[in-house]
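Residue numbers (the UniProt record's numbering): 1 to 693.
And the structure:
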């Protein structure tokens, strides 16, 4: 049944009560438990045990008992890190923990006294006392034959090549290392068989292995040197978004109709082209060439082009019929886009409101990641014996049980003569039995928290735009409409937000579990299982999309009428089902418009940035940039992100105004007692008018 007329209704209710109190209490209890889990994790965990580098024996530098005073990892031979697989398999050279990274360069040449400069040797290995002993230790990989001045990068001693001018010329003095020139590389030829290029490749592989090298120091330098221009580009993007939203009230119709005409023209061309090819192949059939691949073979068959002709003709016919019979709905979509532009322009504060929920989203994500890291290290480290033989003093103790205690390993087991290869190696964290449940609780909190913040932003914006629509004289709109909507939402409807976001969270958790099961069952390669899981994943993906659609409209109805989640969802769903064709057309047309808007703004600002950074038209001195494209890419990424934020507000405005429009049509009839609240443009499209006009 249509919504009945209510003489007391004039927009979002002022006097309302709290909704979904039980869900509010459940949400508060959950938050308290989540904080408790975080306190437990922060008290008992230490992420350093996961991030610390490991030496060749598996010991964690700066953490394990015998290397606690040696936090940095040193590589004996960087030339063995040339392989591109090093970031995945590790560098096959001796690696030890050291107190500090080398500050000078050295290469052993066999000259008198060179053995005295050997600075880095394996644990429990004395430095050589002669050149012959040094050469023996080098062959056994017990000592490093050369080293370069290095800087700690995530606790790994890495030679800094960021400020090199060229591989052949001098390596200029940087902020981190002293000057090294090409004569150094010339001097070691014949002693160490590698080139400067190979050294650079090794260093890059190690940086990838430590996951510490970002896009490159040159990129960072470009960003630092062009930060002001990037900020100007971002400011231009913000202004462009605002201008676009403002002028959409005039260009929306032009864009929609041009787009529809373009689609019709393209499909017409496709029909003509496929029909021509079909007729040509029908009259002049071609024989299959044995050298043709599958694709070329199909392209020489007339049946292929007949199929394409039928598909293109059907699509063209459907779109033409939709344009002809749904033209009034398309006009409605255009009008609502224009109304959304007016609403956003009238309450400019909503354009900057998304910053608030975005900061909250970042906070929830950062909090859940920190809790996950600390939880992963709440247990005790597990050590096991490696490299043990029957000659070890502790053979009988550890032959059946490999678990060992690092603090007593050296005293009770290790021996330089009979057990020199044995190590007590770190394997993993032996987490408590509650760990998987606490981690699952944290994951649940991550999803519930992010969905809750998103729902809060949607309801606040819906309240603002509903207030704008149901204000008969727009000039009387409250000045602090956004603050009033925020207070009303947080004061009365946190329970409703928690309820709606909980439903989405449960659906998302089921999807995550299905992905986990699918990952575990892949090794069995069972086609029936794959088909069942694929159907389940598809079903829950569709279910989540549908629930998000229902939730979004439920928040709008709750913001207007102040009812609980279930009632609001039911009212919104029934209202939409009574206008299902309008809903479908509006959704597709507005989605297309918003995508075109984001694309247009991103490309436009990117073009301006390209002219500024990559051409000489503006006179900007870009000689100091290593890569002109870096600031352009950064500006385009930021522009798309900013445009998405702005158009999410715009989309919420259109959805809210659409529900208000539908309710306005059912609640009022244009009489003196029941005047329409819609704009004159909407009334003109549907042939409606107020008698007072």
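For each residue, glycine too, the CB sits at the ideal point set by N, CA and C.
Could you pull out every residue in the same chain whose Cβ sits closer than 6 Å to the Cβ of residue 59, ignoring the five residues on either side in sequence?
67
(Q) Short of 6 Å in beta carbon distance, which residues of its chain neighbour residue 20, apart from the five on each side in sequence? Order them along the chain. (A) 495, 496, 499, 564, 565
If you count every other CB in all the chains shown that lies within 10 Å of the CB of residue 100, and 16 or more means buried, which is it? exposed
Grouping DSSP H, G and I as helix and E and B as strand, with all else coil, what is residue 430?
strand
Q) For residue 654, which residues from the same chain have a beta carbon less than 7 Å from its beta carbon, with the 5 sequence-adjacent residues on both sides left out? A) 336, 337, 340, 590
- Do residue 245 and residue 650 have their C-beta atoms within less than 9 Å of each other? yes
Item to check | Same chain, Cβ closer than 8 Å to residue 482, five either side skipped, listed in chain order | outcome: 347, 349, 350, 353, 460, 464
Exercise. Closest by CA to residue 125, which one among 144, 601, 107?
Worked result: 144
Span separating the alpha-carbon of residue 669 from that of residue 573: 22 Å
Backbone CA spacing between residue 146 and residue 231 [nearest angstrom] | 45 Å
Mapping the DSSP letters down to three states, classify residue 341 as helix, strand or coil. helix
Extent of the continuous alpha helix (DSSP H) run through residue 95
From DSSP, residue 95 is part of no alpha helix (DSSP H) but of the beta strand (DSSP E) over 95-98.
> Excluding five sequence neighbours on each side, which residues of the same chain lie with their C-beta closer than 6 Å to the C-beta of residue 194?
Replying inline: Note that residue 194 scores 49 on pLDDT, short of 50, meaning its location in the model is unreliable; the coordinates nonetheless yield the value given after this. For residue 194, where only same-chain residues beyond five positions count, the Cβ hits under 6 Å are 79.
ask   = Start and end of the beta strand (DSSP E) containing residue 152?
value = 151-153
**Prompt:** Where does residue 91 fall in DSSP's three states?
**Reply:** coil
**Asked** Going straight from the alpha carbon of residue 149 to that of residue 103, what length do you get?
**Response** 4 Å
Expressed to the nearest angstrom, what Euclidean distance is found between the alpha-carbon atoms of residue 683 and residue 689? 6 Å
Notebook entry, point to check: From residue 695 to residue 511, what does the alpha carbon distance come to, in whole angstroms?
Noted result: Because residue 695 is not part of the residues shown, which for the chain are 1 to 693, the question remains open.
contact_flag[the segment 463-477, the segment 547-565] where n(CB pairs < 8 Å) is 3 or more: yes
- prompt: From residue 42 to residue 258, what does the alpha carbon distance come to, in whole angstroms?
  reply: 58 Å
What residue range is occupied by the uninterrupted beta strand (DSSP E) comprising residue 72? 72-75
Residue 488 - containing alpha helix (DSSP H), residue span: 481-492
Inset, instruction - State whether the segment 112-131 contacts the segment 8-17, with contact taken as three or more CB pairs (one from each stretch) at a distance under 8 Å. - result: no
* Asked: How long is the line joining the alpha carbons of residue 479 and residue 485, rounded to whole angstroms?
  -> 12 Å
Original post:
So what does DSSP say about residue 156, is it helix, strand or coil?
Top reply: strand
Are three or more beta carbon pairs between the segment 628-639 and the segment 223-238 nearer than 8 Å?
yes
Kindly indicate which three-state DSSP category residue 681 falls into: helix, strand or coil?
helix
If you drop the 5 nearest sequence neighbours on each side, which residues of the same chain put their C-beta closer than 6 Å to that of residue 551? 500
| message | Buried or exposed, going by whether 16 or more other CB atoms sit within 10 Å of the CB of residue 237? | response | buried
Using only the alpha-carbon positions, how far apart do residue 131 and residue 109 sit?
10 Å
Checklist entry - So which of 611, 403, 663, 305 has the shortest CA-CA distance to residue 470? => result 663
Worksheet entry | residue 60 (DSSP reduced to helix, strand or coil) | strand
*Under 9 Å between C-beta atoms of residue 673 and residue 7*: yes
- Task: Rounded to whole angstroms, what's the CA-CA distance from residue 594 to residue 263? Just pull it up for me.
- Result: 17 Å
Next on the checklist: Distance check for residue 248 and residue 342, CA to CA, integer angstroms please.
Outcome noted: 9 Å
Exercise. Residue 362: buried (16+ other C-beta within 10 angstroms of its C-beta) or exposed?
Worked result: exposed
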